[in-house]
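Chemist: In my numbering, the protein residues as written are 919 to 993.
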Amino acid sequence: DLQLKPVGVEALAPAAELILNYLSEHGGNMPYGDFSTPQELQAVFQMSKKTFKKALGTLYKDKKVTLSPDGTQLI
919 DLQLKPVGVE
929 ALAPAAELIL
939 NYLSEHGGNM
949 PYGDFSTPQE
959 LQAVFQMSKK
969 TFKKALGTLY
979 KDKKVTLSPD
989 GTQLI
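(1) Measuring CB to CB, does Met948 end up less than 8 Å from Leu941?
(2) Does Tyr940 have its Cβ less than 8 Å from a Cβ in chain B?
(3) So who's on the other strand from Asn947, going by DSSP bridges?
(4) Please name the residue in Glu935, Ala931, Lys967, Gly946 whose C-alpha comes closest to that of Phe953.
(5) Taking the alpha carbon of Pro987 as the point to measure from, which residue in Gly975, Phe970, Gly951, Lys972 has its own alpha carbon closest?
Structure, rendered in structure tokens:
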């Protein structure tokens with residue numbers, strides 16, 4: 919099957935937006951982070967672990983989230 923999806927940096931903005939939306943809808947906290955399994959991330963966010971980690975890293979660098987061993991929190 920052929921899928922047309924953005925790659926590289928172009929994929930990060932929509933992925934980061936999806937993570938921010940999830941956090942907003944769940945009280946600013948989520949039990950997911952770089953420790954989460956690829957299967958969990960695919961089921962919840964429909965993205966690969968690699969894309970999730972890059973998007974999460976972007977949000978962290980932009981000071982929009984904090985990371986902890988328990989998950990991710992919205993700032």
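Built from N, CA and C at the ideal position, the CB exists for glycine as well. Remember, it's a predicted structure, so these values are computed and weren't measured experimentally.
Modeler: To lay it out plainly:
(1) yes
(2) Within the model displayed, chain B is absent; a lone protein chain is all it includes.
(3) Asn947 pairs with Gln991.
(4) For Phe953, the nearest C-alpha among the options comes from Lys967.
(5) Gly951
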